[in-house]
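>
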Amino acid sequence: MISIQREDVDIGRLIHHAKQRGVGALVVFDGIVRDDDILELELEAYQDIAQKELEQIAHDARERFHLLSVDIIHRIGRLSVGENILIIIVSAGHRKEAYEGSRFILESIKSKVPIWKKELCRNGDRWVPGKRPSDTG
Amino acid sequence: MISIQREDVDIGRLIHHAKQRGVGALVVFDGIVRDDDILELELEAYQDIAQKELEQIAHDARERFHLLSVDIIHRIGRLSVGENILIIIVSAGHRKEAYEGSRFILESIKSKVPIWKKELCRNGDRWVPGKRPSDTG
Amino acid sequence: MKITIKFFARFRERFGNEIVIEATERTTLGDLVRQVAMRDREGYDAIFDSKGAFRTYVIIMQNGRRTEHGEAEHTPVIEGDVIAIFPPVAGG
Amino acid sequence: MKITIKFFARFRERFGNEIVIEATERTTLGDLVRQVAMRDREGYDAIFDSKGAFRTYVIIMQNGRRTEHGEAEHTPVIEGDVIAIFPPVAGG
Numbered sequence: 000m001i002s003i004q005r006e007d008v009d010i011g012r013l014i015h016h017a018k019q020r021g022v023g024a025l026v027v028f029d030g031i032v033r034d035d036d037i038l039e040l041e042l043e044a045y046q047d048i049a050q051k052e053l054e055q056i057a058h059d060a061r062e063r064f065h066l067l068s069v070d071i072i073h074r075i076g077r078l079s080v081g082e083n084i085l086i087i088i089v090s091a092g093h094r095k096e097a098y099e100g101s102r103f104i105l106e107s108i109k110s111k112v113p114i115w116k117k118e119l120c121r122n123g124d125r126w127v128p129g130k131r132p133s134d135t136g
Numbered sequence: 000m001i002s003i004q005r006e007d008v009d010i011g012r013l014i015h016h017a018k019q020r021g022v023g024a025l026v027v028f029d030g031i032v033r034d035d036d037i038l039e040l041e042l043e044a045y046q047d048i049a050q051k052e053l054e055q056i057a058h059d060a061r062e063r064f065h066l067l068s069v070d071i072i073h074r075i076g077r078l079s080v081g082e083n084i085l086i087i088i089v090s091a092g093h094r095k096e097a098y099e100g101s102r103f104i105l106e107s108i109k110s111k112v113p114i115w116k117k118e119l120c121r122n123g124d125r126w127v128p129g130k131r132p133s134d135t136g
Numbered sequence: 000m001k002i003t004i005k006f007f008a009r010f011r012e013r014f015g016n017e018i019v020i021e022a023t024e025r026t027t028l029g030d031l032v033r034q035v036a037m038r039d040r041e042g043y044d045a046i047f048d049s050k051g052a053f054r055t056y057v058i059i060m061q062n063g064r065r066t067e068h069g070e071a072e073h074t075p076v077i078e079g080d081v082i083a084i085f086p087p088v089a090g091g
Numbered sequence: 000m001k002i003t004i005k006f007f008a009r010f011r012e013r014f015g016n017e018i019v020i021e022a023t024e025r026t027t028l029g030d031l032v033r034q035v036a037m038r039d040r041e042g043y044d045a046i047f048d049s050k051g052a053f054r055t056y057v058i059i060m061q062n063g064r065r066t067e068h069g070e071a072e073h074t075p076v077i078e079g080d081v082i083a084i085f086p087p088v089a090g091g
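Protein chains in written order, with numbering that gives the first Met the number 0: chain A, 0 to 136; chain B, 0 to 136; chain C, 0 to 91; chain D, 0 to 91.
#1: Taking just the CA atoms, how far does B:W126 sit from D:E12?
#2: A:L85 and A:G30 look like a contact to me (Cβ under 8 Å); what is the Cβ gap, rounded to whole Å?
#3: Which full runs of the alpha helix (DSSP H) of 4+ residues lie inside the stretch 5-79 of chain D, going along the chain?
#4: Taking 8 Å as the threshold (beta carbon to beta carbon), is D:G69 in contact with chain B?
#5: List the DSSP bridge partners of B:V26.
#6: So with CB distances below 8 Å, who are the chain B contacts of D:A52?
#7: Quick one: is D:R9 near chain B, going by C-beta distance under 8 Å?
#8: Is there a Cβ from chain D that is less than 8 Å from the Cβ of B:Y98?
#9: If we define contact as Cβ-Cβ less than 8 Å, is C:F85 a contact residue for chain A?
#10: Whole beta strand (DSSP E) runs in the stretch 61-123 of chain A with 3 or more residues, listed along the chain?
#11: Leaving out the 5 sequence neighbours to the left and right, which residues in its chain are closer than 6 Å to B:W115 when beta-carbon positions are compared?
#12: Would you tell me roughly how many angstroms separate the C-alpha atoms of B:C23 and C:G42, rounded to the nearest one?
#13: From C:M0 to C:G29, what distance separates their C-alpha atoms?
#14: Compile a chain-ordered list of the residues in the stretch 110-121 of chain A whose CB is closer than 9 Å to at least one CB of chain C.
#15: State the CB to CB distance for the pair B:R61 and A:D34, rounded to an integer number of angstroms; the pair is presumed to be in contact (CB under 8 Å).
#16: To the nearest angstrom, how far is the alpha carbon of D:K5 from that of B:S79?
#17: Does D:A89 come out as helix, strand or coil in the three-state DSSP assignment?
#18: Along the stretch 73-107 of chain A, where does the CB come closer than 7 Å to a CB of chain C? Name the residues.
#19: Verify whether the separation of the beta carbon atoms of A:I10 and B:I14 is less than 8 Å.
#20: Out of C:T23, C:I58 and C:R40, state which residue places its alpha-carbon closest to the alpha-carbon of A:S110.
#21: Roughly how many whole angstroms lie between the Cα atoms of A:Y45 and A:R77?
#22: Have a look at the DSSP bridge pairing and note the partners of A:A42.
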């Protein structure tokens, strides 16, 4: 499941479905709205392009890290502190591939996928600065 | 929750409880019985020592990677293909700490904690070779 | 010919989600965006510098593919093009 | 004095979970394990080499703390000691 959506997902159910033949390690990344003095986070996507890029990233990660399954759910809309923003679930034969594949997907999303975040604060709103193509680390 | 037990756990519920103040990233590692031509896996622990070592590893990981929470559930007894063996849930402010803390905990468990695995196969049983202190990688 | 220009994040707040504009033959992508951006001074300044060049951080897509700034100044738009203009991404 | 020796994994399969033994004063940890291991030839050979030294991969714990092989040959056991003997760990 690769999806950009407003609704939350049931991580337990996704883990259950990721347990297919050959799986020995499964890594879940869950990015959460942190309480940096914000009221809410508002996320916006260039939806059809972002969806295609997530699919491409999942495809590349599968090939490169021999992943057996990849799920990416990126949420958009208004999210409160503690809510899930991004859930990545990967499964592999072994732990190294699972950890590295998960991290590769996360870093690729942060640098490439057209999604933006705005922090809604008590004293005004603020767009989260994005990663410029020339930035490193 | 740091536990060595026969029963499985509800990962979704543990994730929910790990979402405390300051959390921005949560990483779950789930080690699963892989279908390497085995019928079942049988796990044995030096239980009180293993429990203490898991607690020490969790403590060290919290300090070193600024983790906000650590849960480790290592199962023992007979497990079938697809069942959870080891679940590690860590939460942190940021992704880097969460990934690295999770990996540190897993590698520490593999090298230090007195737990053993036996593969029960159609044509005989086999103890999984352990990591010798001098082994690298 | 009809060209669609989409804006996201801070740029969307100035120009709205998208503007459909009638472009003449041989208009370059850069010129078309400059022309549309004139509608809002603050929005224009967010996208272009004082010399009228795309600010370094501005990302341009033409039909879902990224286009370099230099390329955008030479590429003529064609009927049905969907152009997207946005600031650096911040997902994840 | 009473000493408990616990065995795990392959060693447990030879000797059982634990053996409680009456040890005399000044018996070293190494000697006590050798003495108990004599009860099962195959078990003995898994723990000791042909010269009677602990095989390199054998892990020894005394009251929950790891003890080096050399140290085990010099340390006398004391009343209430819990010794554990096991092969390399394979958890996770």
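Ideal placement from N, C-alpha and C gives every residue a C-beta, glycine not left out. Computed from a predicted model, the values in this text were never measured in an experiment.
To lay it out plainly:
#1: 11 Å
#2: 4 Å
#3: 8-14, 28-36, 40-46 and 68-73
#4: Not closer than 8 Å to any Cβ of chain B, the Cβ of D:G69 fails to qualify, so no.
#5: A:F28 and B:V89
#6: In chain order: nothing, as chain B lies at least about 16 Å away.
#7: yes
#8: Chain D, which has no Cβ nearer than 8 Å to the Cβ of B:Y98, makes this no.
#9: Yes, its Cβ sits closer than 8 Å to a Cβ of chain A.
#10: 68-74, 76-79, 83-91 and 114-120
#11: E43
#12: The question names Cys, but residue 23 of chain B is Gly in the sequence shown. Straight-line Cα distance between these residues: approximately 32 Å.
#13: 16 Å
#14: Of all residues in the stretch 110-121 of chain A, only S110, K111, V112, P113, I114, W115, K116 and K117 place a beta-carbon less than 9 Å from a beta-carbon of chain C.
#15: 20 Å between Cβ atoms; not a contact.
#16: Put simply, the backbone Cα of D:K5 is about 28 Å away from that of B:S79.
#17: coil
#18: Within the stretch 73-107 of chain A, the residues whose Cβ lies closer than 7 Å to some Cβ of chain C are H73, L85 and L105, listed in chain order.
#19: yes
#20: Checked all of C:T23, C:I58 and C:R40; the closest Cα to A:S110 is C:I58.
#21: 16 Å
#22: Here residue 42 of chain A turns out to be Leu, not Ala, going by the sequence shown. Bridge partners of A:L42: A:G76 and A:K116.
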